[in-house]
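S.K.: Encoded as structure tokens, here's the structure I'll be asking about.
Protein chains: 2
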Amino acid sequence: MKLAVVLMSGGMDSTVCAAMMLDQGYTVAALHLNYGQRTQERETQAFRDVCDHFHISQRLEIDTQHLQVIGGSSLTDMDMDVAKADLDSDEIPTSYVPFRNANILAMATSWAEVLKADLITIGAVQEDGSGYPDCREEFFRAFEQTIRTGTALDKPLLISTPLLYMTKEEIVKTGIALGAPLHLTWSCYQNSAVACGECDSCALRLRGFERAGHKDPLPYS
Amino acid sequence: MKLAVVLMSGGMDSTVCAAMMLDQGYTVAALHLNYGQRTQERETQAFRDVCDHFHISQRLEIDTQHLQVIGGSSLTDMDMDVAKADLDSDEIPTSYVPFRNANILAMATSWAEVLKADLITIGAVQEDGSGYPDCREEFFRAFEQTIRTGTALDKPLLISTPLLYMTKEEIVKTGIALGAPLHLTWSCYQNSAVACGECDSCALRLRGFERAGHKDPLPYS
């Protein structure tokens with residue numbers, strides 16, 4: 012039995028990732044991080060609901076405030092406004108948490124080493140166009156080299172990024188085809204009750220559903 | 012003015028690192044992590060004392076429990092015994108926290124990106140002989156590549172490891188030559204009041220002082 016540690020935020024992308032890994036026959040160990048993001052509680056609820064749906068028993072929720080303490084991002088700094096989406100902009104948005112994925116992958120690697128997992132799966136999407144440097148192929152390959160040199164493993168621990176070159180439209184279609192519980196997920200950066208529909212994350216999600224020809228099951232304000 | 016983020020545990024090695032960076036004309040921003048280690052409070056006290064001594068005003072203490080939650084190490088798992096030192100063994104000791112340095116460097120990089128620092132300095136010592144894979148040159152070079160690919164920086168952010176090829180004897184001598192406050196540092200993995208003298212960390216420190224021809228200013232049980 013092959014084991015994948017899947018990073019699951021409770022959002023649509025990572026839920027589709029989990030569905031893909033399960034579909035490929037992996038046992039999934041689900042890792043969820045609370046790093047002080049604005050919609051933390053709502054995301055954790057979504058994570059638990061999705062894990063219940065998939066009958067994933069091996070779960071770990073980690074609370075860590077360090078990215079919030081370090082600051083510099085509107086995702087974690089409550090004094091910064093979440094910018095409204097500009098999907099055509101080349102600028103790195105204020106929701107960027109410096110080196111966030113490296114922090115997340117470092118935690119995932121520590122857990123994967125303890126579990127002797129085969130893979131770490133992260134639902135990064137390059138097409139988001141948001142310009143996050145730690146969402147690029149070369150970053151993940153560099154991180155794998157860091158794992159190879161920095162762990163005491165008998166077999167290589169790889170990072171899989173099944174969504175990296177998918178569009179949101181393809182992600183929606185894949186999720187629906189695999190029966191992923193998209194109605195249980197949460198993507199909004201701004202609100203916890205009703206999704207705002209205006210932040211980067213909402214805008215990308217809504218456009219993905221629209222292009223896929225499906226209606227997003229979540230309510231929007 | 013060049014800025015170095017120096018990882019400072021409150022131990023001897025990282026204190027000597029800070030002394031070396033200050034001696035080289037860097038402004039030092041001091042980063043201390045509480046990750047659930049057994050002697051956390053004692054180490055934090057040592058960190059503050061050392062920073063006060065050096066008049067370092069830019070300090071960040073981060074509490075993160077994730078390495079403890081993940082477990083697998085006698086440094087953070089209170090149900091595991093801290094092994095007595097066997098400095099001639101090739102085995103990875105039970106005090107190994109999986110991928111610890113990667114987690115630490117990821118946090119340091121996030122802060123360094125916010126501060127626009129020039130360097131991250133970490134007091135890793137390969138000679139410790141404890142076989143930690145994330146204390147090797149190739150690991151640090153791989154991590155630099157991860158930084159290059161995963162951050163949005165205008166200039167390269169490098170990792171300096173000034174102690175990597177030094178013996179403990181040389182570290183003691185360097186610290187004394189630079190006037191580093193070794194009497195304020197704490198190295199013991201086991202105890203917080205009087206150092207045990209028997210854990211890996213104590214054994215290496217004591218041997219270093221002995222070979223340097225100096226007496227360790229700390230009391231031992």
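From first to last, the protein sequence lines are chains D and P.
In this text, residue positions in the first sequence follow the working numbering: the first is 12, and each later residue adds one.
In this text, residue positions in the second sequence follow the working numbering: the first is 12, and each later residue adds one.
A virtual CB, placed ideally from N, CA and C, is assigned to each residue, including glycine.
At the level of alpha carbons, what is the spacing between P/L78 and D/I73?
M.R.: Roughly 9 Å separates the two Cα atoms.
S.K.: Within 10 angstroms of the Cβ of P/S198, are there 16 or more other Cβ atoms? Answer buried if so, exposed if not.
M.R.: buried
S.K.: When we look at the beta-carbon of D/G190 and count the other beta-carbons within 10 Å, is it buried (16 or more) or exposed?
M.R.: exposed
S.K.: Is the shortest distance between the beta-carbon of D/A135 and the beta-carbons of chain P less than 7 Å?
M.R.: no
S.K.: Tell me P/Y37's beta-bridge partners as DSSP assigns them.
M.R.: Looking at the DSSP assignment, P/Y37 forms no beta bridge with any residue, so it has no partner.
S.K.: If we call anything under 7 Å between Cβ atoms a contact, is P/A41 one with P/M19?
M.R.: yes
S.K.: Pick helix, strand or coil for D/C207, following the three-state DSSP scheme.
M.R.: In the three-state reduction of the DSSP assignment, D/C207 falls in the coil class.
S.K.: Whole-angstrom Cβ separation of P/A214 and P/V183, contact assumed at under 8 Å?
M.R.: That belief does not hold up - the Cβ atoms of P/A214 and P/V183 are roughly 14 Å apart, past 8 Å.
S.K.: Compare the C-beta of P/E54 with all C-beta atoms of chain D and state if any pair is closer than 7 Å.
M.R.: For P/E54, not one C-beta of chain D is nearer than 7 Å to its own C-beta.
S.K.: Spell out the partners DSSP gives P/H43 in its beta bridges.
M.R.: Bridge partners of P/H43: P/E72.
S.K.: Output the residue ranges of the beta strand (DSSP E) runs that lie fully inside the segment 145-209 of chain P and measure 3 residues or longer, sorted by chain position.
M.R.: 169-171
S.K.: Cβ closer than 8 Å: which chain D residues qualify as neighbours of P/F154?
M.R.: Chain-order list of chain D residues neighbouring P/F154: T157 and G161, by C-beta distance under 8 Å.
S.K.: So, with DSSP's three-state summary, where would you put P/T132?
M.R.: strand
S.K.: Go to P/V125, then tell me how far its alpha helix (DSSP H) extends in each direction, as first and last residue.
M.R.: DSSP places P/V125 inside the alpha helix (DSSP H), whose first and last residues are R111 to L126.
S.K.: Any contact between the segment 21-31 of chain P and the segment 41-58 of chain P? By contact I mean 3 or more CB pairs, one from each, below 8 Å.
M.R.: yes
S.K.: Counting only Cβ-Cβ distances shorter than 9 Å, please list the residues of the segment 176-197 of chain D near chain P, keeping chain order.
M.R.: So nothing in the stretch comes that close.
S.K.: Whose C-alpha, out of D/G47, D/H66, D/P144 and D/T196, is nearest the C-alpha of D/I81?
M.R.: Of D/G47, D/H66, D/P144 and D/T196, the smallest CA-CA separation from D/I81 is found for D/G47.
S.K.: Let me see if you follow: with CB-CB separation under 7 Å, is D/M118 close to chain P or not?
M.R.: yes
S.K.: Does DSSP put D/L215 in a helix, in a strand, or in coil?
M.R.: Looking at D/L215 - three-state DSSP - the assignment turns out to be helix.
S.K.: Excluding sequence positions up to five away, which residues of its chain have a Cβ less than 6 Å from the Cβ of D/F58?
M.R.: M19, G21 and H43
S.K.: Using the Cα positions of D/E155 and D/L168, report the straight-line distance between them to the nearest angstrom.
M.R.: 8 Å
S.K.: Roughly how many whole angstroms lie between the Cα atoms of D/L175 and D/L14?
M.R.: 20 Å
S.K.: Could you tell me how far apart the beta carbons of D/L130 and D/T26 are, in whole angstroms, since I believe they sit closer than 8 Å?
M.R.: The pair is not a contact, with the Cβ atoms about 17 Å apart (cut-off 8 Å).
S.K.: Straight-line CA distance for P/Q69 to P/M118?
M.R.: About 16 Å.
S.K.: By the three-class DSSP mapping on this structure, what secondary structure does P/V16 have?
M.R.: strand
S.K.: Strictly below 8 Å CB to CB, what residues from chain D border P/E138?
M.R.: By Cβ distance, chain D contributes nothing, its closest Cβ being about 18 Å from P/E138, past 8 Å.
S.K.: Suppose contacts are defined by Cβ-Cβ distances below 7 Å. Is D/Q121 in contact with P/P109 by that definition?
M.R.: As written in the sequence, residue 121 of chain D is Ser, which differs from the Gln given in the question. Yes; because the gap between Cβ atoms is below 7 Å, this pair is in contact.
S.K.: Tell me whether P/E148 is buried or exposed, calling it buried when 16 or more other Cβ atoms sit within 10 Å of its Cβ.
M.R.: exposed
S.K.: Could you work out which residues of chain P lie near D/N11, taking near to mean beta carbons separated by less than 9 Å?
M.R.: With chain D running from 12 to 232 in the structure shown, residue 11 of chain D is simply not present.
S.K.: Please return the same chain residues whose Cβ sits closer than 7 Å to the Cβ of D/P228, not counting the five positions on each side in sequence.
M.R.: L193 and H194
S.K.: Measure how close the beta-carbons of D/N202 and D/T38 come, nearest whole angstrom, since I'm counting them as under 8 Å.
M.R.: That pair is no contact at about 34 Å.
S.K.: Which bits of chain D does P/P173 rub up against, with CB to CB less than 7 Å?
M.R.: Under a criterion of Cβ atoms nearer than 7 Å, no residue of chain D is adjacent to P/P173; the nearest Cβ is some 19 Å distant.
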